[in-house]
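Engineer:
Residue numbers (the numbering used here), protein chains in the order written: chain A, 162 to 411; chain B, 688 to 1153.
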């Protein structure tokens, strides 16, 4: 157990989540146990309503479980208060959203540095170096003074990735990061995520229903009706769509 | 869709009621005052006092109706901004923009009628109460006062028509809603876009210049005849309309300067940026308060300057001005009540607009919560935003109010017997204290509901796709 704890960056145990009153409760997740391995790029797949988003929300401390326990690295977050969860998200979790979700009033640099701002501190020289490296490798140097609406979707998503990686969080959650992008920008963003995981050892959990997106991941976890149904290693888009189709038909 | 969405319209109904109540009560009480003055030996002989009263009442009603029109138009704009998605959806299904706009104006008409009826009743109750108390305490004699002169229909009709007009003006954004917006998030204009309305900016400048010219004229003519105040009213309405129309060029710049004063913590910086982000929206939110503070300051400066003028005239010709001190006390009291009213109308507009604008930012607040803003930081952000809006509005209002108040006093009383000619505006210190205290209270009040809502936003809201 101890050895696995060291390699798992997040895990849930017997996780359950239901919505509505007890009389007509709808179960979004039932008895899910899952570990996300450190340094890996994990895709969480499943059809709409499979509970994949709910699972991600709970693992990221955005939503509360109805049953079971949740850890981020060694910290059990199941019963943390709102403020503690907030600080945890600020320091140890990164987010990339489908709708980019940059703060429209801040310029690109302001958006990237927002997690530090929220913490009321400036990045240390070490962190500053890391951020500069991110900005260069994401090709954002010329954009630092621009506002989000002046950038294309692909560029905005790169800013969101820079923001998510800036604090070197335990885990980055990406929620359909390519959902609003054309196929070329999608490939770019996915390559960036895969590179971040491979080269910087960044753990990433990506929720998606796109087989091509999932094919960039090291591991693919399938959810259906609120439960984990398959757990695959790296796969091709064809294999993944085949599985998805089979799941839809069953 | 035809149902009146009551909760959205409560503030507008309140504004219309306040305007109607104000107009009705003012006319009824001025009637009472006129009856009193005719019965009084000293002032009864001076016909000018009665003319003054009539002019002052009309001026106040015009101003009150004007204020509520602007506040209501702004409230409607904010409501429309929030409804963009619904309107776009209806457009998508096949409803025409004009039909949509007409529907909104229909809501405005109903708001106006409801407000006029409620306000008319409330106003009559207030004046009956005032006269009742006056009689009971022996302050007022048992004269037959007329509480239903036909003229009270004037403010009621005016309120209905202007509320209708306000909803029509406020709903012009409906025309700009494209059916495509049903598929995306609603967006307000950025500063660059908002500054770019040439026709509007030119109209604003023309109104401003014409208004200022009329004001200058009224000060000069005021040295000869008190009727100059009517020219002044026209000039005031013109120039202030120009200001309101061009406020999107002024307010964001003032807000930017004010925002810097709140420090550089993350909540303060974001709040300052939020305040200037959509000049349309921040202008809408602040303009009500600018009007309120302008009015308060205008009356206070006018009264103070009246007193300066009259005292100087009194010193020059003591026998002509026997008994005027009483009239002054009465007018100061009446003016104070009027100030309270306009402030109330402005406050309703401010609170409502800030609440709506926070409500319309659910997603962004969710994002900040997801990224690590604590509930306290979000509350502080809303508070600072509210504070910078208030401070900016108060500053602009003080400057404008001092100017208008001085012009008013000068044009109304510049021609009285023994007038010293043109005097400097006198700014009562008490005014500054009251305005600062009231705006602090208003800032808090305006941010309570929005910040409670803001902290209730679940971080998950940011992740929702639509």
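No residue lacks a Cβ here, since even glycine has one placed at the ideal position from N, Cα and C. No experiment lies behind these values; they were computed from the predicted model shown.
Helix, strand or coil: which one does DSSP assign to residue 213 of chain A?
Structural biologist: helix
Engineer: Mark residue 336 of chain A as exposed unless 16 or more other C-beta atoms lie within 10 angstroms of its C-beta, in which case mark it buried.
Structural biologist: buried
Engineer: Indicate whether residue 383 of chain A and residue 206 of chain A have their beta-carbon atoms separated by less than 7 Å.
Structural biologist: Contact flag set, yes.
Engineer: Alpha carbon to alpha carbon, how far is residue 927 of chain B from residue 895 of chain B?
Structural biologist: 7 Å
Engineer: Who are the neighbours of residue 412 of chain A on chain B, taking C-beta pairs under 8 Å?
Structural biologist: The question about residue 412 of chain A has no answer here: the residues shown for chain A are numbered 162 through 411.
Engineer: In the structure shown, what three-state DSSP assignment does residue 1029 of chain B receive?
Structural biologist: Note: residue 1029 of chain B maps to helix in three-state DSSP.
Engineer: Should residue 251 of chain A be flagged as near chain B, meaning a C-beta pair shorter than 7 Å?
Structural biologist: yes
Engineer: Who are the neighbours of residue 952 of chain B on chain A, taking C-beta pairs under 9 Å?
Structural biologist: Those are 278 and 281, listed as they occur along chain A.
Engineer: Between residue 942 of chain B and the rest of its own chain, which residues show a CB-CB distance below 8 Å, the 5 nearest in sequence each way excluded?
Structural biologist: 959, 962, 963, 969, 973, 1075, 1076 and 1079
Engineer: Which class does residue 401 of chain A belong to by DSSP, given the choice of helix, strand or coil?
Structural biologist: helix
Engineer: Taking 7 Å as the threshold (C-beta atoms), are residue 210 of chain A and residue 176 of chain A in contact?
Structural biologist: Cβ distance not < 7 Å, so residue 176 of chain A and residue 210 of chain A don't count as in contact.
Engineer: The alpha helix (DSSP H) spanning residue 324 of chain A covers which residue range?
Structural biologist: 314-327
Engineer: Does the beta carbon of residue 991 of chain B come closer than 7 Å to any beta carbon on chain A?
Structural biologist: no
Engineer: Within this structure, are the beta carbons of residue 833 of chain B and residue 919 of chain B separated by less than 7 Å?
Structural biologist: No.
Engineer: Do the segment 695-705 of chain B and the segment 757-770 of chain B meet, that is, are 3 or more Cβ pairs less than 8 Å apart?
Structural biologist: yes
Engineer: Can you give, in chain order, each stretch of the alpha helix (DSSP H) that sits fully within the segment 779-826 of chain B and has at least 4 residues?
Structural biologist: 784-823
Engineer: Going along chain B in order, which residues have a C-beta closer than 9 Å to the C-beta of residue 264 of chain A?
Structural biologist: 957, 960, 1051, 1054, 1055 and 1058
Engineer: Once DSSP output is grouped into helix, strand and coil, what is the label at residue 377 of chain A?
Structural biologist: coil
Engineer: Are the Cβ atoms of residue 705 of chain B and residue 983 of chain B separated by less than 7 Å?
Structural biologist: no
Engineer: Answer yes or no: do residue 1061 of chain B and residue 331 of chain A have a C-beta to C-beta separation smaller than 7 Å?
Structural biologist: Contact: no.
Engineer: Taking residue 196 of chain A as the reference, give the member of A/366, A/403, A/406 and A/371 with the closest Cα.
Structural biologist: A/366
Engineer: May I ask you to report which of helix, strand or coil DSSP gives residue 753 of chain B?
Structural biologist: Residue state, collapsed to three classes: helix.
Engineer: Return yes when the Cβ of residue 921 of chain B is within less than 7 Å of the Cβ of residue 1098 of chain B, no when it is not.
Structural biologist: no
Engineer: Which partner residues does residue 206 of chain A have in the DSSP bridge list?
Structural biologist: A/369 and A/383
Engineer: On the three-state DSSP scale, how would you describe residue 179 of chain A?
Structural biologist: strand
Engineer: Pairs of beta-carbons, one from the segment 1122-1131 of chain B and one from the segment 943-954 of chain B, closer than 8 Å: are there three or more?
Structural biologist: no
Engineer: Would you report the Cα separation of residue 371 of chain A and residue 767 of chain B, rounded to the nearest angstrom?
Structural biologist: 37 Å
Engineer: Residues in its own chain within less than 8 Å of residue 389 of chain A by CB, not counting five upstream and five downstream?
Structural biologist: 193, 194, 195, 382 and 383
Engineer: Against residue 244 of chain A, what residues of chain B qualify as contacts under a CB-to-CB distance less than 9 Å, listed in chain order?
Structural biologist: 1061, 1062 and 1063
Engineer: Below 8 Å, can you find three or more Cβ-Cβ pairs linking the segment 986-1001 of chain B to the segment 1084-1092 of chain B?
Structural biologist: yes
Engineer: The beta strand (DSSP E) with residue 187 of chain A in it runs from where to where?
Structural biologist: Taken as a continuous stretch (DSSP letters only), the beta strand (DSSP E) holding residue 187 of chain A covers 187-198.
Engineer: Below 8 Å on the Cβ atoms is my guess for residue 1046 of chain B versus residue 1140 of chain B; work out the distance and round it to an integer in Å.
Structural biologist: The beta-carbon separation of residue 1046 of chain B and residue 1140 of chain B, rounded to 6 Å, stays under the 8 Å limit for a contact.
Engineer: In whole angstroms, give me the CA-to-CA distance for residue 1108 of chain B and residue 1114 of chain B.
Structural biologist: Approximately 18 Å between the Cα atoms of the pair.
Engineer: Residue 360 of chain A to residue 932 of chain B, Cα distance in whole Å?
Structural biologist: A straight-line Cα-Cα distance of about 56 Å links residue 360 of chain A and residue 932 of chain B.
Engineer: What residue from B/1137, B/906, B/1126 and B/816 has the CA that sits closest to residue 1096 of chain B's CA?
Structural biologist: B/906
Engineer: Per DSSP, residue 173 of chain A forms a beta bridge with which residues?
Structural biologist: A/195 and A/231
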